[in-house]
Amino acid sequence: MPTPLNKVDPEELRKPREFDINFIQNYNMLMIGSVSSMHYFRTLYVMLAVLKADKI
1 MPTPLNKVDP EELRKPREFD INFIQNYNML MIGSVSSMHY FRTLYVMLAV
51 LKADKI
């Protein structure tokens with residue numbers, strides 16, 4: 001939805017809600033951290049099991 005077409009409640013215009021940065025920070029740490037870890041382990045598995053790259 002484009003921003004100019006977005007509807008805001010009059011109550012929100014008078015007194016906006018407080019921004020909960022802790023929730024966003026915790027969510028980002030959980031989601032981005034877990035996705036990053038899954039990608040790392042998947043890459044490690046492919047390198048070790050599929051490509052047989054177990055020597056440096």
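Residue numbers for the sequence shown follow the working numbering, beginning at 1 and rising by one.
No residue lacks a Cβ here, since even glycine has one placed at the ideal position from N, Cα and C.
In the structure shown, Asn-22 falls within a helical segment according to DSSP collapsed to helix, strand and coil. Taking C-alpha positions only, Lys-52 is separated from Ile-32 by approximately 29 angstroms. The continuous alpha helix (DSSP H) containing Pro-10 extends over residues 10-14.
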